[in-house]
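In terms of the working numbering, the numbers along the sequence shown are unbroken and rise by one, the last being 191. C-beta atoms are modelled at their ideal positions from N, C-alpha and C, and glycine is treated no differently.
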Amino acid sequence: EILPESFGRLVNLQYLDISYTKLRELPKTFGNLINLRYLEFSTPLTCLPEEVIGRLTSLRTLKISDSDELTSLTEGIGKLTRLRSLIVFFCPKLASFPSGVRYLTALEELEVFNCQNLMTLSESFASLTSLRKVEIKRCPKLLSLPEGIDNVPVVEIDGKDLNTFNQIHSIRSPVQSSS
13 EILPESFGRL VNLQYLDISY TKLRELPKTF GNLINLRYLE FSTPLTCLPE EVIGRLTSLR
73 TLKISDSDEL TSLTEGIGKL TRLRSLIVFF CPKLASFPSG VRYLTALEEL EVFNCQNLMT
133 LSESFASLTS LRKVEIKRCP KLLSLPEGID NVPVVEIDGK DLNTFNQIHS IRSPVQSSS
């Protein structure tokens with residue numbers, strides 16, 4: 013299935029959930045949804061089309077789920093400079109994140125669940141000073157975290173995955189003063 017090209021005329025659309033559809037591709041006019049703030053989808057695509065995703069510059073939340081064939085996220089994701097939340101789960105073939113994530117300067121939250129082949133998080137995540145929470149669960153092949161990730165206030169890693177992170181030497185915990 014494919015969305016009609018006319019879908020791109022919904023320029024005032026702000027929230028879109030196209031999860032659990034059988035969409036095989038996104039029309040190029042999908043990039044015309046310049047006011048879209050929330051996008052949630054699952055897709056049989058192997059890669060997100062850069063010419064579409066990179067134009068959704070008002071996006072605040074991108075949630076990608078149950079995308080069995082997705083092997084990579086596009087470098088165009090780096091153009092989403094207003095993105096605050098990136099949530100990726102049940103993408104078993106996703107192996108890494110693109111270096112373009114370094115441009116996600118507003119990103120506050122990264123959640124990655126059940127990405128069975130994810131081996132690395134881009135080192136670029138560590139340079140994102142707005143990042144407040146990183147949550148990783150059930151990513152058994154992920155062998156390391158980016159250098160500098162210890163500057164993120166909240167890092168949650170599924171206990172079963174801790175055995176794979178041999179580079180973790182200490183875990184900081186904020187201490188509250190009782191005075």
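In the DSSP assignment, Glu52 forms a beta bridge with Asp29 and Lys75. The secondary-structure analysis by DSSP pairs Val113 with nothing; it has no beta-bridge partner. Leu98 is bridged by DSSP to Leu74 and Leu122.
Counted as a single uninterrupted DSSP element, the alpha helix (DSSP H) harbouring Ile65 occupies residues Glu62 to Ile65.
Taking the CA atoms as reference points, Arg96 sits about 13 Å from Leu68.
Here Leu155 is exposed. Its C-beta has fewer than 16 other C-beta atoms within 10 Å.
Phe53 and Thr33 have their alpha carbons spaced roughly 8 Å apart. Excluding its 5 nearest sequence neighbours in each direction, Glu135 has C-beta neighbours in its own chain below 6 Å: Pro158, listed in chain order. With respect to the 9 Å criterion, Leu116 and Thr93 are classified as neighbours on the basis of their beta carbons. Burial state of Cys59 is exposed, judged by a 10 Å Cβ sphere holding fewer than 16 other Cβ atoms. When secondary structure is reduced to three states using DSSP, Ser84 falls in the strand class.
Between Arg114 and Gly90, the C-beta gap is smaller than 9 Å, which places the two residues in contact. When secondary structure is reduced to three states using DSSP, Ile46 falls in the coil class, being assigned neither helix nor strand. Close CB contacts of Lys40 within its chain, under the 7 Å cut and outside five residues either way in sequence, are with Glu63 and Val64 (chain order).
Per DSSP, the continuous beta strand (DSSP E) segment holding Ile169 begins and ends at Val166 to Ile169.
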